[in-house]
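Asks:
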Amino acid sequence: MIDLRSAWIPAPPVGSVPAMESTRGMIGSSSDGNELFRGVEKAVFAVVFAVVFTLVAFTTEVILLSAFVCAGIVIMFPFASTI
């Protein structure tokens with residue numbers, strides 16, 4: 302039986318490019334559509350983030366304004382009879 306631990310694997314000739322490295326530059330290039338998809342994905346995320354951020358900010362503003370109005374009514378209530 303052959304002991305594979307001692308098997309000798311010859312090195313590739315000098316100047317040759319292994320198969321995986323020859324396609325490395327093509328991975329992620331615009332020709333396969335990955336970058337276009339990433340661009341669309343980023344744009345969709347930006348729109349969703351902007352909408353959610355706007356809704357949260359608007360809701361927070363409404364809550365704070367309501368709180369200030371209620372606080373103003375509560376503070377002014379004892380003095381309402383004097384006005």
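Here the sequence shown stands for residues 302 to 384, numbered as in our numbering. Ideal Cβ placement from N, Cα and C applies to all residues, glycine included.
Quick one: Cα of Leu-365 to Cα of Val-348, how far?
Replies: Going by the C-alpha atoms only, they are around 26 Å apart.
Asks: Enumerate in chain order the residues of its own chain whose CB-to-CB distance from Gly-373 is below 7 Å, with the five nearest sequence positions on each side excluded.
Replies: none
Asks: Whole angstroms is fine: what's the gap from Phe-380's alpha carbon to Phe-350's?
Replies: 45 Å
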